[in-house]
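Counting from 148, one number per residue, gives the positions in the sequence shown under our numbering.
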Amino acid sequence: MTIEDFLQSAPLYKKCELDEPPLVDDFAQARPQLPCSTCGGNERTFQFARALTRRVGLEGIDTREVVEADEAYTFQYECVGCESFRVTFLITGATNKRVLKSGRSPPPEIQIPKELKTALGSEAPYFTKGRISEEQGFGIGAYAYYRRIVENNIGSLLEQIAKVLPPGEKAYLDALEQVRQSHVADEKIKIVKDLLPATLRPAGQNPLALIHDVLSEGIHSKSDDECLDLAESLRLALTTLVHEVARHSQVQKDFTRALDSLQKSKRTK
Ligand SMILES: [Zn+2]
């Protein structure tokens, strides 16, 4: 992953392999996109403000020095927009030129996308808890929260998909009858996953198939780190699916409204 990806999305304590060996100088060049509490907005550009290390002390950092195993570095970034809001990361070098985030201040604010909040209803707080578990590196916990959300909501999600199907997608509707008879989330998804229309597969990826793969994998012998990856996939597939359904539903509403007003204006002529 790139340093920007690492700063933006790596959970705490997860050892990450960067594309390039992690030079301190590269951290100084990085311009991550982070939320800014002053400007508002989730993706503000941040630039390097300063660095501290245990060994070198305040400010006097050798910018070409490799981030070494067991050495902790503090990198501070400030929002380019307001030049006041700052985010500080504590980065520790791990073996094999990997790095891990051992601290972040202030902690990231967890925001649930609006359409997801609506779709999940009373279960939305579990999504927040899943995100917090992820940020803290609790992979097994995060996985359990997301799995529970998927299992309890998949029925209504599959029904929502039916409402935004393009004309002629009869196979999905037929399969939905079978879905309604099943009480196991895994089976429900299996029945319809390959029938998901292309319009609901962003970049050709099938979020339903991904959810099915992750759910069938099982986590009984997996480490926290491995579960973190599965939890992230589950979260991304779920949010993508909900987002795509909401987007199509909105497009349909707009189109119907446009047709209605066209009809009305014809009638008044
Ligand atoms: Zn700002």
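Built from N, CA and C at the ideal position, the CB exists for glycine as well.
Nearest by alpha-carbon distance to Gly250: which of Asn243, Gln258, Thr239 is it? Closest by alpha carbon: Thr239.
Please name the residue or residues paired with Cys143 in a DSSP beta bridge. The structure shown has nothing for residue 143, since the chain only spans 148 to 416.
Nearest neighbour of Val104, chosen from Ala393, Gln223, Gln155, Cys183 [CA to CA]: This structure leaves residue 104 out entirely; the chain is present only between 148 and 416.
The beta strand (DSSP E) spanning Phe236 covers which residue range? Judged by DSSP secondary structure, Phe236 falls within the beta strand (DSSP E) whose first and last residues are 233-241.
If you measure from the CB of Thr235, is any heavy atom of ligand 1 nearer than 7 Å? Incorrect: Thr235 has no Cβ contact closer than 7 Å to ligand 1.
By a C-beta neighbour count over all protein chains shown, 10 Å radius and 16 as the cutoff for buried, is His359 buried or exposed? Buried is the call here.
Could you tell me the alpha carbon to alpha carbon distance between Leu342 and Tyr319, rounded to whole angstroms? The straight-line gap from Cα to Cα measures roughly 6 Å.
Could you give the C-beta distance for Tyr293 and Ala378, rounded to a whole number, given that I count them as a contact under 8 Å? About 6 Å; that satisfies the 8 Å criterion.
Going straight from the alpha carbon of Leu199 to that of Thr235, what length do you get? Rounded to the nearest angstrom, the two C-alpha atoms are 10 Å apart.
How is Glu164 classed by DSSP in three states: helix, strand or coil? If DSSP states are grouped into helix, strand and coil, Glu164 belongs with the strands.
Contacts around Ser148, its chain only, beta-carbon distance under 8 Å, and the 5 residues preceding and following it disregarded: The question names Ser, but residue 148 in the sequence shown is Met. Residues Ala157, Cys163, Glu164, Leu165, Asp166 of the same chain have their beta carbon placed closer than 8 Å to that of Met148, with the five preceding and five following residues left out of the count.
Which residue marks the beginning of the beta strand (DSSP E) containing Val246, and which one marks its end? Counted as a single uninterrupted DSSP element, the beta strand (DSSP E) harbouring Val246 occupies residues 245-252.
Return the bridge partner residues of Thr221 from the DSSP annotation. The partner list for Thr221 (beta bridge, DSSP) reads Leu199, Leu237.
What residue does the alpha helix (DSSP H) around Ser412 start on, and which one ends it? 371-415 is the span of the alpha helix (DSSP H), which, as asked, contains Ser412.
Ligand 1 heavy atoms versus the CB of Phe232: any closer than 7 Å? Yes.
For ligand 1, I want to know if Arg414 counts as a neighbour, meaning its beta carbon is within less than 7 Å of at least one of the ligand's heavy atoms. No, ligand 1 has no heavy atom inside 7 Å of this Cβ.
Element boundaries [alpha helix (DSSP H), containing Val331]: Annotation for Val331: no alpha helix (DSSP H) segment contains it, and DSSP assigns it neither H nor E.
Should Ser269 go down as buried or exposed, given a rule of 16 or more other Cβ atoms within 10 Å for buried? The residue in question, Ser269, is exposed, as its Cβ has fewer than 16 Cβ neighbours within 10 Å.
Ligand 1 heavy atom lying under 7 Å from the CB of Arg191: Yes.
What would DSSP say about Ala291, mapped onto helix, strand or coil? DSSP places Ala291 in helix when its eight states are reduced to three.
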